[in-house]
Amino acid sequence: MDLPGPIHDFLLVFLGSGLILGSLGVVLLTNPIYSAFSLGLVLVCISLFYILSNSHFVAATQLLIYVGAINVLILFAVMFMNGSEYYKDLNLWTVGDGITSLVCTSILISQMTTILDTS
Amino acid sequence: MILEHVLVLSAYLFSIGIYGLITSRNMVRALMCLELILNAVNINFVTFSDFFDSRQLKGDIFSIFVIAIAAAEAAIGLAIVSSPQNSG
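Written out as structure tokens, the structure is:
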């Protein structure tokens, strides 16, 4: 999109921070309904990001299908499941969680070095 | 907009999606993290299409395919999750 430089950069930083916080909310929030709404925030931020990338058709498709159909379906499934036993899920940080976080951090670091090396 | 920043953002979404997919005890949360992974891939496609392919938009067209397939498998996955056999 042909915006002035600082407005474009400010919108990118805004949407990027929304994406980062929203994705952390999807994974780390204990209540599954909060997690589903955080996924909705992530999908809307991605759709606005597509508008900034001059892909208006994909942005409309993303908004219609992901937010309008898939997110609503996920909310239906979350409310359909018996929600009472999922609130009591304690935040026990198991050994598997630690190993997976190490593996995912190493995946992220290897991807970042590959991206920054390939110019 | 610098290309590397957007690709790093998509890599971050991908790794958060993989972490959530492996460590989630709730099946619906695993499907939500699978949607995160597919959206990270879509961001990559659309960004490359914006930067390098403004005439033919091949990345945009493929991301439409990915959105359609993600919708289909989300529907089937949620039907399996909420079936009577799986404590639904």
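Chain order of the listed sequences is A and B. Mapping of the first sequence onto this note's numbering: residues 1391 to 1509, in sequence order. Mapping of the second sequence onto this note's numbering: residues 15 to 102, in sequence order. For glycine and all other residues, C-beta sits at the position ideal for the given N, C-alpha and C. Please read these numbers as outputs of a predicted model, since none were measured by experiment.
Listed by chain order, chain C residues near residue i by CB distance under 7 Å
i                    : result
serine 77 of chain B : This model lacks chain C altogether; the protein chains it does include are A and B.
Opening and closing residue of the alpha helix (DSSP H) in which residue i lies
i                          : result
proline 1396 of chain A    : 1395 to 1418
valine 20 of chain B       : 17 to 37
threonine 1508 of chain A  : From DSSP, threonine 1508 of chain A is part of no alpha helix (DSSP H); its letter is neither H nor E.
glycine 73 of chain B      : 72 to 95
methionine 41 of chain B   : 41 to 66
methionine 1469 of chain A : 1461 to 1470
valine 1432 of chain A     : 1422 to 1442
threonine 1451 of chain A  : 1446 to 1451
Contact under 8 Å by Cβ, residue i with residue j
i                          : j                          : result
serine 1428 of chain A     : glycine 1406 of chain A    : no
leucine 1431 of chain A    : glycine 1395 of chain A    : no
leucine 1442 of chain A    : methionine 1391 of chain A : yes
valine 1456 of chain A     : isoleucine 81 of chain B   : Correcting the residue type first, residue 1456 of chain A is tyrosine in the shown sequence and not valine. Yes.
threonine 1448 of chain A  : serine 77 of chain B       : Here residue 1448 of chain A turns out to be valine, not threonine, going by the sequence shown. Closer than 8 Å, so yes.
cysteine 47 of chain B     : glycine 31 of chain B      : yes
glycine 34 of chain B      : leucine 50 of chain B      : yes
isoleucine 1460 of chain A : alanine 85 of chain B      : yes
Contact list for the stretch 1428 to 1458 of chain A against chain B, Cβ threshold 8 Å | So the close ones are Leu1429, Val1432, Leu1433, Ile1436, Phe1439, Tyr1440, Leu1442, Ser1443, Asn1444, Ser1445, Phe1447, Val1448, Thr1451, Gln1452, Ile1455 and Tyr1456.
- Task: Assess, as a yes-or-no matter, whether the stretch 1458 to 1469 of chain A is touched by the stretch 37 to 57 of chain B under the definition of 3 or more beta carbon pairs within less than 8 Å.
- Result: Segments in contact, yes.
- request: With 8 Å as the limit, tell me which residues of the stretch 48 to 64 of chain B have their beta carbon closer than that to any beta carbon of chain A; keep them in chain order.
  value: If the cut-off is 8 Å between Cβ atoms, the stretch 48 to 64 of chain B has Glu49, Leu50, Asn53, Asn56, Ile57, Val60, Thr61, Ser63 and Asp64 near chain A.
Check: Are at least three pairs of beta-carbons, each pair with one atom in the stretch 46 to 61 of chain B and one in the stretch 17 to 36 of chain B, less than 8 Å apart?
Finding: Flag = yes, the stretch 46 to 61 of chain B and the stretch 17 to 36 of chain B touch.
Note to self: By the 8 Å beta-carbon criterion, what residues does the stretch 1398 to 1424 of chain A contribute toward chain B?
What the structure shows: For the stretch 1398 to 1424 of chain A, which is checked against every Cβ of chain B, the residues closer than 8 Å are His1398, Asp1399, Leu1402, Gly1406, Leu1409, Ile1410, Ser1413, Leu1414, Val1416, Val1417 and Pro1422.
Using Cβ-Cβ distances below 7 Å, what residues of the stretch 1482 to 1500 of chain A are close to chain B?
-> Going along the stretch 1482 to 1500 of chain A in chain order, one finds Gly1486, Asp1487, Thr1490, Ser1491, Cys1494, Ile1497 and Leu1498 with a Cβ nearer than 7 Å to chain B.
If you measure beta-carbon to beta-carbon, which residues of the stretch 24 to 44 of chain B are closer than 8 Å to chain A? Listed in sequence order: Ala25, Tyr26, Leu27, Phe28, Ser29, Ile30, Gly31, Ile32, Tyr33, Gly34, Ile36, Thr37, Ser38, Arg39, Asn40, Val42 and Arg43.
Of the residues that make up the stretch 85 to 101 of chain B, which ones have a beta carbon closer than 7 Å to any beta carbon in chain A?
-> The residues in question are Ala85, Ala88, Ala89, Leu92, Val95 and Ser96.
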